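**Q** Quick one: this structure, given as C-alpha cells, is what I'll be asking you about.
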Amino acid sequence: MTRPDGLQQFELECPKCGLELDEWMEQCPKCGQNLLEVYSGTYRARRARWIRAVIVFLLLAILLALVHIILPGAGL
Ligand SMILES: [Zn+2]
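Using our numbering, read the sequence shown as starting at 20 and increasing by one per residue.
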C-alpha cells in the first residue's frame, strides 16, 4: 500500500495470531511468534545475509579510511 505522501507503509501480520503490526518487530508482542524467522526464511540463510551485510559495511569503512589516508583533504 502506498500513502499519499509517497512513503511505503509498513504492513505486517503475525502468521500465528493475526495481529497487525504497523512497524517491524522481530517478535510478535501478542503471542511471541518469531517474525524475523518467518519473514526471512531459515536461520542459516538469515545469518548468512547478516554476515554479508557486516562484511560490506566493513569494506566500505576500510575504503573510507584508505581515502582519508591517501587523500587527507578529500572531505568525505
Ligand atoms: Zn502473534
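For glycine and all other residues, C-beta sits at the position ideal for the given N, C-alpha and C.
Here the structure is a predicted model, which means the values were calculated and not measured.
By Cβ distance below 8 Å, which residues in the same chain neighbour LYS49 in space, the five residues on each side in sequence not counted?
**A** Here residue 49 corresponds to residue number 30 of the sequence shown, with the count starting at 1. The answer, listed in chain order, is CYS33, CYS36 and LEU38.
**Q** Cβ of LEU38 within 7 Å of any heavy atom in ligand 1?
**A** Position 19 of the sequence shown, counted from the first residue, corresponds to residue 38. Yes, ligand 1 has a heavy atom inside 7 Å of this Cβ.
**Q** Suppose you measure from the CA of MET44 to the CA of TRP69; what does that come to, to the nearest Å?
**A** Counted from its first residue, the sequence shown places residue 44 at position 25. Counted from its first residue, the sequence shown places residue 69 at position 50. Using only the alpha carbons, I get a separation of about 17 Å.
**Q** Within 10 angstroms of its Cβ, does LEU83 collect 16 or more other Cβ (buried), or is it exposed?
**A** The count along the sequence shown starts at 1 and reaches residue 83 at position 64. So LEU83 ends up on the exposed side.
**Q** Hey, how far is the Cα of LEU77 from the Cα of LEU85?
**A** Sequence index remark: in the sequence shown, residue 77 carries index 58 (1-based). Sequence index remark: in the sequence shown, residue 85 carries index 66 (1-based). The straight-line gap from Cα to Cα measures roughly 12 Å.
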